[in-house]
């Protein structure tokens with residue numbers, strides 16, 4: 454009997470007892486290779502002593518001090534690190550406890566910025582279908598994950614949704630990749646014009662779409678076109694890098710690969726690598742200046758923002774990534790993992806697409822490769838693959854509704870940055886066996 458309200462109420466999951474590098478060990482001693490980083494969180498695995506000791510040291514010094522009264526050293530140091538590493542003028546940092554909180558804060562920052570500069574009519578948010586920006590009501594409203602949104606629709610603010618940049622499904626045979634990216638980006642321009650440019654506050658997107666569509670990267674030129682459109686209409690650009698950021702794609706910030714800098718950038722998961730709950734919003738200095746020189750107060754806040762132990766963990770995680778040159782390992786092992794997946798599944802009749810960047814990869818599953826016909830949603834293939842993988846001691850992140858919230862299945866693979874070739878072999882073998890068990894050739 455459990456008194457915990459678990460995610461799934463029909464069964465109690467195994468108890469995680471300890472961590473051992475890239476493995477989670479349950480109470481029965483069974484080992485699971487964490488090939489999804491939980492939810493693309495555990496980028497350093499589960500037992501990095503340097504991070505654990507940094508958290509312990511901070512707890513010995515002071516575990517908590519409310520930011521309404523004090524700043525703290527780890528928060529200041531982590532902000533310095535992020536501001537120095539971030540692209541463009543993203544030189545101010547607002548700390549929160551997770552991704553949904555970060556997106557909510559970014560939306561409020563965008564709104565208050567326009568109030569401060571005398572454009573109170575700007576309040577509309579535009580985002581994309583098949584996106585996910587969090588489970589709090591504001592983040593859920595702008596997200597395009599219909600399965601998560603459906604039962605809460607009456608409670609959600611209005612938001613406009615345009616097409617995702619989803620080359621596998623949506624690029625026409627008569628257009629190049631670049632032409633496709635421009636066409637899809639221009640949907641944003643049309644949506645802004647239809648809403649009235651003077652009413653639009655921000656456009657929000659993931660540079661590489663995460664859980665909802667399965668590691669779908671923007672095609673070359675798409676995000677640059679989006680940046681141009683936002684600038685043309687005076688609209689703020691918000692990048693949600695909660696899942697794809699902080700090294701997951703082989704760059705500290707995913708947008709660096711595209712050469713595009715947003716006005717606000719939300720990070721979380723890989724920032725603290727699961728050692729403590731933490732997220733942050735990085736914002737352009739001009740947005741901060743408008744609030745600082747205007748009202749002087751951001752009308753927002755959370756009890757645990759800037760938590761000293763969480764910031765100590767985040768700073769330690771980023772130092773380990775630097776010291777161990779793990780971004781290079783992400784690029785190297787990411788290429789090796791992709792090659793291994795392509796070798797194993799290249800002729801699999803049920804694997805339609807293998808995509809992603811770095812150690813952020815997705816496999817889209819189909820009933821027919823030629824027509825790209827999705828599998829019957831009633832079969833719940835994604836859930837079956839998760840069960841088979843767990844039985845084999847492998848954690849991956851399968852999801853359904855890839856195409857439109859109902860149809861489509863994919864498997865997200867996002868292992869820790871510390872994996873080696875042996876881990877890659879184990880991931881691909883166990884994933885292959887799991888898919889074969891559910892979808893026998």
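Numbering (my numbering), first residue to last: 454 to 894. Just so it is clear, CB atoms sit at the ideal spot from N, CA and C, and this is done for glycine as well.
Out of the options, point me to the one whose CA is closest to residue i's CA.
| i | options | result |
| --- | --- | --- |
| residue 859 | 590, 729, 877 and 666 | 666 |
| residue 478 | 580, 846, 605 and 864 | 846 |
| residue 801 | 785, 819 and 593 | 819 |
| residue 777 | 709, 501 and 515 | 501 |
| residue 505 | 474, 529 and 862 | 474 |
| residue 887 | 874, 873 and 864 | 864 |
| residue 631 | 620, 726 and 763 | 620 |
| residue 843 | 825, 707, 794 and 467 | 467 |
| residue 557 | 696, 590, 770 and 810 | 590 |
| residue 684 | 655, 699 and 488 | 655 |
| residue 881 | 796, 774, 600 and 713 | 796 |
| residue 812 | 480, 488 and 658 | 488 |
| residue 668 | 889, 566, 810 and 514 | 810 |
| residue 608 | 790, 517, 561 and 592 | 592 |
| residue 522 | 650, 759 and 731 | 759 |
| residue 786 | 713, 718, 747 and 877 | 877 |
| residue 824 | 857, 814, 830 and 803 | 803 |
| residue 753 | 618, 471 and 563 | 563 |
| residue 623 | 509, 637 and 553 | 637 |
| residue 726 | 552, 651 and 839 | 552 |
| residue 575 | 532, 889, 565 and 834 | 565 |
| residue 570 | 749, 529, 799 and 848 | 749 |
| residue 538 | 850, 708 and 472 | 708 |
| residue 547 | 751, 874 and 784 | 751 |
| residue 715 | 687, 879 and 526 | 687 |
| residue 533 | 510, 712, 544 and 645 | 544 |
| residue 756 | 722, 550 and 830 | 550 |
| residue 805 | 788, 828 and 790 | 828 |
In the DSSP assignment, find the alpha helix (DSSP H) that holds residue i and state where it starts and stops.
| i | result |
| --- | --- |
| residue 527 | 526-538 |
| residue 741 | 738-745 |
| residue 567 | 552-569 |
| residue 585 | Residue 585 -> no alpha helix (DSSP H), and no H or E assigned at all. |
| residue 506 | 502-514 |
| residue 757 | First-last for residue 757: undefined, no H or E at that position. |
| residue 634 | 630-648 |
| residue 623 | 620-623 |
| residue 459 | Looking at the DSSP string, residue 459 is not in any alpha helix (DSSP H), and its letter there is neither H nor E. |
| residue 787 | 779-798 |
| residue 602 | 599-602 |
The beta strand (DSSP E) with residue i in it runs from where to where?
| i | result |
| --- | --- |
| residue 851 | 850-853 |
| residue 469 | 469-473 |
| residue 768 | From DSSP, residue 768 is part of no beta strand (DSSP E) but of the alpha helix (DSSP H) over 761-776. |
| residue 549 | 543-549 |
| residue 718 | 717-720 |
Per DSSP, what are the beta-bridge partners of residue i in this structure?
| i | result |
| --- | --- |
| residue 817 | 806 and 863 |
| residue 826 | 821 |
| residue 613 | 579 |
| residue 656 | 579 and 690 |
| residue 847 | 486 |
| residue 594 | None; residue 594 has no bridge partner. |
| residue 476 | 473 and 486 |
| residue 891 | Note: residue 891 sits in no beta bridge, so no partner. |
| residue 669 | 662 |
| residue 465 | Paired residues: none, contrary to the question. |
| residue 734 | 547 and 719 |
Since residue i and residue j are thought to touch, with beta carbons under 8 Å apart, how far apart are those beta carbons, to the nearest angstrom?
| i | j | result |
| --- | --- | --- |
| residue 870 | residue 497 | 7 Å |
| residue 660 | residue 808 | Rounded, the Cβ-Cβ distance is 14 Å, inconsistent with contact. |
| residue 794 | residue 834 | With a Cβ gap of about 18 Å, residue 794 and residue 834 do not count as contacting. |
| residue 720 | residue 738 | 17 Å between Cβ atoms; not a contact. |
| residue 779 | residue 885 | Residue 779 to residue 885, Cβ: 27 Å. No contact. |
| residue 850 | residue 559 | Wrong, their Cβ atoms sit about 24 Å apart, outside the cutoff. |
Establish whether the CB of residue i and some CB of chain C are separated by less than 9 Å.
| i | result |
| --- | --- |
| residue 502 | The chain inventory of the structure shown lacks chain C, comprising one protein chain alone. |
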